[in-house]
Amino acid sequence: MEVIEIVINNEEELHKHMEDIEEGDYFEAYFGRCHVEGIVICREDTFFRLDTERDVLRLIEFELSDVLDQLIEVAYTKHDNNNVRKVLKLVE
1 MEVIEIVINN EEELHKHMED IEEGDYFEAY FGRCHVEGIV ICREDTFFRL DTERDVLRLI
61 EFELSDVLDQ LIEVAYTKHD NNNVRKVLKL VE
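Have a look at this one:
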């Protein structure tokens, strides 16, 4: 799998790159000491509903803008191209 790392310098640039994320993509967000990951089943701007594919915690609803000040990176793999993983690394 090819990994493409993109350094993000501001919130506007992050939103621009995140427009590429759509339902069916595999999404990961790392912030503080936590992370969320799963398949995007619903997305509206910075709100995500993810299917974690786990029995204990199946669905996660996640508002990215709520943790923006702690966000370290966002990674996603397009559902129609599993050979490329994009990693958006935030720099303060």
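Take 1 as the starting number for the sequence shown in full-length UniProt numbering and just add one per residue. Even for Gly, the Cβ is constructed at its ideal location relative to N, Cα and C.
- Distance from the CA of Asp45 to the CA of Ile39, rounded to the nearest whole angstrom, comes to 16 Å.
- Under the three-state reduction of DSSP, Lys16 is assigned to helix.
- Between Asn10 and Val91, the C-beta gap is not smaller than 7 Å, which leaves the two residues out of contact.
- Counting other Cβ atoms within 10 Å of its Cβ, Arg54 stays below 16 and is therefore classed as exposed.
- DSSP, reduced to helix, strand and coil, places Glu11 within a helical segment of the structure shown.
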